[in-house]
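Residue numbers (our numbering): 35 to 741.
All C-beta atoms in this analysis are idealised placements derived from N, C-alpha and C, irrespective of residue type, glycine included.
Just so we're clear, the structure is a prediction, and the values are computed from it rather than from any experiment.
Written out below as structure tokens is the structure these notes cover.
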Ligand code: GCW
């Protein structure tokens, strides 16, 4: 049945035309003798993929005949070693896929310096087939731009998943370590197919028990399943663990007994998991314990853990998502205020993990001001794959455009750019890069968020991207077929942040459904417009965080009575009879000042700000004239309604695509779109009704009052 279990690795039989045109390149498969588990995984994936795609078994050969497909490293395969392939620049994870000649016979080689590179190349090769590329004159080289490409599971030890909409946790802690569900292998295959090379198994709102011997053994079992696929395991660590499971009286990072406790704990973990990746930590945020409980800084806390991990090669990923009532004036400022001054104080195996925007995974946020502002601290990106604020499982929202928008954002920070823009005339930089002469000249030089993340802007020695997973025990893994695309786009962009969301959507559609052009064009367009549609029907024009309290589903802009100010949607929209929006200019909270001066200038100016961020940074009167010529109130109504229209257009598109899709997956998406349409109207009608009441504005002509 087409229940989505196979994800994008479906390997459905290709059309006869493609098969006969390319059969000459796929006569036999030549894999290394006595392969490592990773090379065996590559060989098996190829056999399985080719069997499905070609509809017949491909012979495994020891010798390379005409039309052979060879895989291996120079060390594992004398044939590959003899080819003299350009592997020099590919590092440990890169690969080449090449059309070659062996003894005058045409062949194809998938080669790398390491076994994992071969596995990545194998998945790339299968993707070529799945997307029906011709297999001639191949000269593909690829290596990841980012070192750590990780999923973050917010999975609890009781099997529930925080912000998970795809069923219970995949990790069956009760049956582990003895029973290893075969599904763990499929999880690893799917991730390896994208180049994801690590996974944090447990929630950042963590339970110290995950560090007890029993759970270390369970984690080790998962690590063993994942190891051949190049996936390391990491754990979220609870800062107060020495007290909770270690019977110490304090978790103060300056206390020698606490430091020793962590060293012993880390040694214990590495004894069970020699390639353990390290810790992810949420500290002093939303009630989690942390170093500030003892009057110590985030840096001191992170460095203590880093010291314990360093001898083993492990890393600390310290989250910058700090959210407490320290800064009630403007929540958006807190992370920068707390962390930017610590630049340069973190140990060399610490990465600071920063969410894409300054609040919390909203449908749209400006990029986080820390990006570009910490030249001496490796910053990792944290994206959310699960759609906490984007309609959970049922709303069709492809987040590729959101990721792309953030990665492409120009920080306008001057830098010691070593990558793309090196050699250009750089603005004069003083000391830490925070003061410089020619402000505008620091824009347009390629100092984008992507270049922060891949390390080239500040010459970081460690780089990383994390995605909060949308994976659970549902047959389809992600709560809906289209949510699988969000896992997919995350992985592809983590490997190469310069890929486009559109090309990735097309690739995913071809692999997941069909490569038929008519289908792919229409479905890709629907996906590409889906995120903007959600922005429109939920929070247009830079509005944010107007979702229902706690669960974050559906509109609740009227909520105002919760004890902490930033829990209330009214805190974010600030609407009254005079106007709407959060003033973050110099007259307001001055959050704009956290950006580089040219960006601050743009965001701080009513005239220059891109309209999609308008009410994020400005409080404006209802009759303010927007670029369409409509007054703000009417523009807001217009956009809410446009969002509903877009969902209706998606429904119409999907209905037309019925002939291309199997009944099961067609019906799921069809029903989900119906839910989305009803809820887009709910968002629109409730929001307009509420804002109409607070503003006293009338509905523009032609708009019907909400039902
Ligand atoms: O997105 C918010 C969520 C919390 C989450 C927190 C965080 C894991 O509402 O559920 O907790 O952010 O990122 O730490």
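Straight-line Cα distance separating residue j from residue i
i	j	result
residue 325	residue 371	17 angstroms
residue 48	residue 55	11 angstroms
residue 256	residue 347	20 angstroms
residue 261	residue 72	8 angstroms
residue 733	residue 726	8 angstroms
residue 724	residue 241	40 angstroms
residue 134	residue 62	15 angstroms
residue 116	residue 519	39 angstroms
residue 639	residue 542	40 angstroms
residue 167	residue 51	12 angstroms
residue 83	residue 373	47 angstroms
residue 120	residue 528	24 angstroms
residue 398	residue 438	12 angstroms
residue 415	residue 184	10 angstroms
residue 441	residue 522	16 angstroms
residue 604	residue 429	25 angstroms
residue 681	residue 705	13 angstroms
residue 659	residue 665	4 angstroms
residue 224	residue 43	7 angstroms
residue 164	residue 288	55 angstroms
residue 636	residue 534	26 angstroms
residue 712	residue 702	16 angstroms
residue 181	residue 722	45 angstroms
Near the ligand GCW: residue i beta-carbon under 7 angstroms from a heavy atom
i	result
residue 510	no
residue 682	no
residue 651	no
residue 394	yes
residue 188	yes
residue 278	no
residue 421	no
residue 319	yes
residue 196	yes
residue 499	no
residue 517	no
residue 238	yes
Residue i (DSSP reduced to helix, strand or coil)
i	result
residue 742	As displayed, the chain neither begins before 35 nor continues past 741, which places residue 742 out of reach and without an answer.
residue 389	strand
residue 580	coil
residue 790	Given a span of 35 to 741 for the chain in the structure shown, any question on residue 790 remains unanswerable.
residue 186	strand
residue 511	coil
residue 290	helix
residue 637	helix
residue 480	coil
residue 418	strand
residue 488	coil
residue 295	helix
residue 504	coil
residue 121	coil
residue 344	helix
residue 208	coil
residue 147	coil
residue 97	coil
residue 161	helix
residue 431	coil
From the options, residue whose alpha carbon lies closest to that of residue i
i	options	result
residue 59	73, 98, 70	98
residue 317	327, 511, 682	327
residue 446	432, 438, 232, 480	480
residue 340	355, 300, 674, 535	300
residue 709	693, 385, 684	684
residue 617	159, 653, 597	653
residue 623	609, 630, 650	650
residue 667	656, 677, 674, 675	656
residue 140	154, 122, 170	170
residue 669	737, 635, 488	737
residue 65	389, 144, 357, 388	144
residue 538	228, 70, 88, 173	228
Residues that residue i bridges to, as DSSP identifies them
i	result
residue 538	The partner list for residue 538 (beta bridge, DSSP) is empty, contrary to what the question assumes.
residue 174	131
residue 268	234, 312
residue 279	Residue 279 pairs with nothing; no bridge assigned.
residue 192	None, per the DSSP bridge assignment.
residue 105	144
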